[in-house]
Amino acid sequence: MYDVIIIGAGPAGLFSALKLINTTKKINIAIVDRGKKLLQRRCNCITEGRCQKCSVCDVVHGVGGAGMYSDGKLSLFPAGSKMEKLFKNKIELVYRNKNVLNSIIKFSKSPYKKIDALQNTNLAVADQLKENHCELKMYSVYHLGTEGIQNACNNIEKKLVESGVQFILQNTVDEIKRKNGIFTLDLLDKNRNLHEIKATNVIIATGKASGLKIRTWYEALGVKYAFNPIELGVRVEADRDALKDVLNHHLDAKIKMKSKDYEIRTFCMCNGGYLARCYYDTFDNDQKICTISGFSYYGRKTDNLNFGLLVRKKYEENIDPIKKQISYIEKINLRAGNNTIVQRLEDFMDNRVTTSESLNKNSIESTLSNIVTDNIKEYFPDYTIEAIENFFYNMKEVFPKLYNKDTLLHAPVWEMCWDRIITKDGVSTEIPNLYVVGDITGSARGIIQAATLGEMAAEKLLADKYNTAVG
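In UniProt numbering, the protein residues as written are 1 to 471.
Quick look at the structure:
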């Protein structure tokens, strides 16, 4: 019997555990994850440019989660501004974000680059974007790179193990039941053998890999949730200088454009970065779905820039946005043989298929191998196509190197807008001793933001269970 079981070894889960062990030694903790130890995670798509379609994708599963296996950009408030309502005031949120940042930097022991948003508020390019119906959003960012964030994760893992935290890895949570105040988790190991573990407290921190499976847990436990808007789009791969007027001053600026029907925004700027495929298998019928992500090293750069371009739309209340989104993704994956597709910008604008011949002659060479050419417009809904077209039209005068016929669009890309969990305080569900943290709360995204919620849940747990106040 454990005092606490944490499901998910990403930033939220790890920082929940750190807060618990740093506050009290009299607590028995287990962390369950279907992936491997940080140092055992290997992705040939990243190291060799060749995706092996592993049964469990190392990009999204394992200690560190998807966040700490990324390019290590740590964004501070006002990134994650929706979290402000969970705290007494903005000052408290800023303080907590900074504490998490300092912890990650301490554990990383690696060089990093810092950009202070307050020093770059009067950029001429911001006015140009405004004239073209777009808004430039900037946050203070610390860039550790893939190497730096993985160093931090590895050292956090060591610290937790040395403190007695048990990692139950390469195990999948199949079911969660609660009876007489005790949670029972049915686990399947990598050989599909079933066993169970029990605890008096559970923290769910499953992050991007949650899928629809998590809804079965909610329904079994009586956790209430509501739908969030949907986000769907492409990963753009362009010349590294395409956005230099912004990226010379900011590492992860957001460019946003709104209409009455949708919002389109950039996210996860990877200047000199790489692309990788991500496979998720916790959705309909356990079938794998494949999307594209980006990452960048601190000390190793390519000639390309890549970033996500997402279109957000809110559907009517009776339409399940996640299932709606998956239908578009599955069509692309089916066409590409459980893969993703790519299209030149010129072909996208002209509504024609990119051919292998034209891709081979393209001036911008993708960092992704074994890509399938196609016409993205045949798969995406009209509002998404309209938003992407309008975005590039508006970029034409501001960033001519981005509006380049050879710029590449990879699809599908999502940023899962997880169901918004009904909580008492942002992390405590209506079920006693059951907490949710990180991306799956539906209210926050990002490494710093997930870790901040992880710490908050640990504090609530200690106060609820042990009457231990944490400052």
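From the three backbone atoms N, C-alpha and C, an ideal C-beta is built for every residue, glycine too.
Check whether residue i and residue j have beta carbons under 7 Å apart
| i | j | result |
| --- | --- | --- |
| G273 | N306 | yes |
| I289 | I7 | no |
| I385 | K377 | yes |
| A209 | V398 | no |
| V372 | I292 | no |
| C153 | G222 | no |
| S103 | E237 | no |
| C43 | D58 | yes |
| K254 | R265 | yes |
| C51 | C45 | yes |
| E157 | L251 | no |
| I422 | K213 | no |
| K198 | Q170 | no |
| R96 | T452 | yes |
| K314 | P400 | no |
| Q449 | G80 | yes |
| N394 | H133 | yes |
| D419 | I364 | no |
| L74 | S108 | no |
| A117 | M83 | no |
Inter-residue CB distance, residue i and residue j (contact presumed, cutoff 8 Å)
| i | j | result |
| --- | --- | --- |
| V437 | S16 | 6 Å |
| K465 | N201 | 6 Å |
| R344 | N362 | 6 Å |
| S140 | L76 | 5 Å |
| I29 | A9 | With a Cβ gap of about 12 Å, I29 and A9 do not count as contacting. |
| G299 | L275 | Actually they do not touch by this definition, with Cβ atoms about 19 Å apart. |
| F227 | D320 | 7 Å |
| H410 | T355 | Contact doesn't hold; Cβ gap of about 16 Å is too wide. |
| R178 | I431 | 7 Å |
Three-state class that DSSP yields for residue i in the structure shown
| i | result |
| --- | --- |
| F392 | helix |
| A444 | coil |
| G13 | helix |
| R215 | helix |
| K198 | strand |
| Y315 | coil |
| I364 | coil |
| I341 | strand |
| R41 | coil |
| E346 | helix |
| V100 | helix |
| residue 503 | Nothing can be reported for residue 503, as the shown portion of the chain is limited to 1 through 471. |
| F380 | coil |
| R352 | coil |
| S55 | coil |
| T23 | helix |
| G8 | coil |
| S210 | coil |
| P229 | coil |
| T373 | strand |
| A238 | strand |
| R300 | coil |
| K179 | strand |
| S293 | strand |
| S70 | coil |
| T184 | strand |
Rounded separation between residue i and residue j - CA only
| i | j | result |
| --- | --- | --- |
| K113 | I447 | 16 Å |
| S296 | D3 | 38 Å |
| N390 | Y383 | 11 Å |
| N338 | K331 | 10 Å |
| residue 476 | S163 | Residue 476 cannot be examined here, being either before or after the span of the chain that is shown, 1 to 471. |
| S443 | L461 | 19 Å |
| K396 | L402 | 7 Å |
| I149 | R192 | 32 Å |
| Y218 | D241 | 46 Å |
| E459 | Q287 | 37 Å |
| N318 | T184 | 32 Å |
| D71 | T146 | 4 Å |
| F380 | N370 | 22 Å |
| M269 | L14 | 25 Å |
| P78 | H195 | 43 Å |
| K106 | L86 | 26 Å |
| V311 | T24 | 44 Å |
| R22 | K159 | A quick correction: the sequence has Asn, not Arg, at residue 22. Rounded to whole angstroms, N22 to K159 spans 10 Å at the Cα level. |
| T429 | Y435 | 6 Å |
| L243 | N304 | 11 Å |
| K88 | A124 | 36 Å |
| Y280 | K324 | 16 Å |
| F167 | K19 | 16 Å |
Beta carbon proximity, residue i to chain C, threshold 7 Å
| i | result |
| --- | --- |
| E397 | The chain inventory of the structure shown lacks chain C, comprising one protein chain alone. |
Can you list, in chain order, the stretches of the beta strand (DSSP E) that have 3 or more residues and sit fully within the segment 421-465? 434-436
Counting only runs that start and end within the segment 241-290, where is the alpha helix (DSSP H) found for 4 or more residues in a row? The qualifying runs are 244-247.
Runs of 3 residues minimum, wholly inside the segment 151-175: which ones carry the beta strand (DSSP E) assignment? 166-169
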